[in-house]
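Colleague:
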Amino acid sequence: MTAPQAAELLGVSRQTPLNRVKDKTMLAILDRGAYRFPVWQFDPQGEDGVLPGLPDVLEALEPQQPFAKLVWLRRPNPTLDEREPVELLRKRKIEPVIDAARAAAELP
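With the first letter of the sequence shown counted as 1, position 28 gets the number 651 in this note's numbering; the numbers rise by one all the way through.
1) Scan the region 629–686 and note each continuous beta strand (DSSP E) run of 3 residues or more that stays entirely inside, going in chain order.
2) Report the rounded CA-to-CA distance for Arg-697 versus Pro-667, giving the unit in angstroms.
3) For a quick check, are the C-beta atoms of Leu-650 and Ala-626 less than 7 angstroms apart?
4) Go to Glu-718, then tell me how far its alpha helix (DSSP H) extends in each direction, as first and last residue.
5) Could you check if Gln-664 is buried or exposed, using at least 16 other CB atoms within 10 Å of its CB as the buried criterion?
6) In the DSSP assignment, find the alpha helix (DSSP H) that holds Arg-697 and state where it starts and stops.
7) Starting from Thr-625, follow its DSSP beta bridges and name the residues at the other end.
8) Compute the distance between the beta-carbons of Val-720 and Leu-711, then report whether it is under 7 angstroms.
9) Within 10 Å of its beta-carbon, does Lys-637 have 16 or more other beta-carbons around it, so buried, or fewer, so exposed?
Written out as structure tokens, the structure is:
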């Protein structure tokens, strides 16, 4: 999804999604000069329209690059009983995902 599409979905200005990427509270991948926002991160019932806990998980994954964060969030994780971190965030099981993200960020 493009930045304008993300803004429309969230009901915010076109600049807001880009600001949130800069603030690392939303995930986007730079593709040929434009940001692409993974659709799965949006949740109309979540705070600020994203999955509950996602901003905290993104922070915990620092200093990983955005693509590495994307892969980590969508790959079955042995620390999380082979479930995708995104799946647990959807179920509002945030703390185990944050803990796993912190552990992953410490790996070389």
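All residues carry an ideal CB built from backbone N, CA and C; glycine is no exception.
Modeller: A quick look at the data gives this:
1) 652–654, 657–659
2) On the sequence shown, position 74 is the one that residue 697 refers to. On the sequence shown, position 44 is the one that residue 667 refers to. Their backbone Cα atoms lie some 20 angstroms apart in a straight line.
3) Here residue 650 refers to the residue found at position 27 when the sequence shown is read from its first residue. Here residue 626 refers to the residue found at position 3 when the sequence shown is read from its first residue. No, Cβ-Cβ distance for Leu-650 and Ala-626 is not below 7 angstroms.
4) Numbered from its first residue, the sequence shown carries residue 718 at position 95. Here the alpha helix (DSSP H) through Glu-718 covers 717–728.
5) Start at 1 with the first residue of the sequence shown, and residue 664 comes out as number 41. By the 10 Å Cβ count, Gln-664 comes out buried.
6) Here residue 697 is taken as the residue at index 74 of the sequence shown, counted from 1. Here the alpha helix (DSSP H) through Arg-697 covers 689–697.
7) The residue you call residue 625 lines up with position 2 of the sequence shown. Answer by DSSP bridge pairing, in chain order: Arg-659.
8) As a first step, residue 720 is located in the sequence shown; it is residue number 97 there, counting from the start. As a first step, residue 711 is located in the sequence shown; it is residue number 88 there, counting from the start. Contact flag set, yes.
9) The residue given as residue 637 occupies position 14 in the sequence shown. It should be noted that the sequence gives Arg, not Lys, for residue 637. With fewer than 16 other Cβ atoms within 10 Å, it is exposed.
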